[in-house]
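To start, the structure itself, in structure tokens.
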Amino acid sequence: MLTNRALCSMKFLEYVMATLPLTDWTESEYIDVETSLTIAISLGIACCAIEVILLTFQLHTFTKAIFSMCLHLLATIFLLKFIVDSHPVDHFWIAFGIFSVPALLIACLNLCMDFRLKEHC
Numbered sequence: 001m002l003t004n005r006a007l008c009s010m011k012f013l014e015y016v017m018a019t020l021p022l023t024d025w026t027e028s029e030y031i032d033v034e035t036s037l038t039i040a041i042s043l044g045i046a047c048c049a050i051e052v053i054l055l056t057f058q059l060h061t062f063t064k065a066i067f068s069m070c071l072h073l074l075a076t077i078f079l080l081k082f083i084v085d086s087h088p089v090d091h092f093w094i095a096f097g098i099f100s101v102p103a104l105l106i107a108c109l110n111l112c113m114d115f116r117l118k119e120h121c
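In UniProt numbering, the protein residues as written are 1 to 121.
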């Protein structure tokens with residue numbers, strides 16, 4: 001998944017231009033789209049990193065692990081499609097909301113449940 005995000009950042013200009021109309025776009029529109037794509041990629045990488053860090057402190061149940069693995073598999077497939085087809089930036093936000101956020105929430109909820117169930121002196 002991090003490899004997909006790195007590939008995405010290499011084709012950065014292509015994605016920004018794919019979002020803008022073919023003609024009559026302004027410099028401020030370009031900057032807005034560029035900023036949006038930068039934030040989407042950064043948040044995606046941050047969510048992956050946070051999830052990896054949280055996974056070092058806990059062990060998922062089988063169901064949660066399968067669900068998280070399926071989310072990551074689907075995210076990788078969709079991100080590869082976006083990279084190949086140069087989709088608009090808005091599609092990255094949709095993929096981020098559908099795939100990265102639930103996986104991160106599951107990891108955070110697991111950590112909270114572990115702390116709540118353990119006795120701390």
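Cβ coordinates follow ideal geometry from the N, Cα and C atoms, glycine included. Being a predicted model, the structure only gives us computed values, none of them experimental.
- Inter-segment contact for the segment 71–81 and the segment 21–31 is absent: fewer than three beta-carbon pairs are separated by less than 8 Å.
- Nearest Cα to Ile98 within the set Val52, Arg116, Leu73 and Ile53: Leu73.
- A check of alpha carbon separations from Asn110 across Asp85, Val101, Asp90 and Thr61 identifies Thr61 as the nearest.
- Ala95 and Glu51 do not touch by the CB rule: their CB atoms are close to 16 Å apart, not below 8 Å.
- A residue is called buried once 16 or more other Cβ atoms fall within 10 Å of its Cβ, and Leu71 is buried on that count.
- Looking at the backbone, the Cα of Ser36 and that of Ile45 are separated by about 14 Å.
- Setting aside the 5 residues that flank it on each side, Cys108 is surrounded in the same chain by Leu54, each with a C-beta closer than 7 Å to its C-beta; the list follows chain order.
- The C-alpha of Lys81 lies about 37 Å from the C-alpha of Asp114.
- DSSP places His91 in the helix class (H, G or I) of the three-state scheme.
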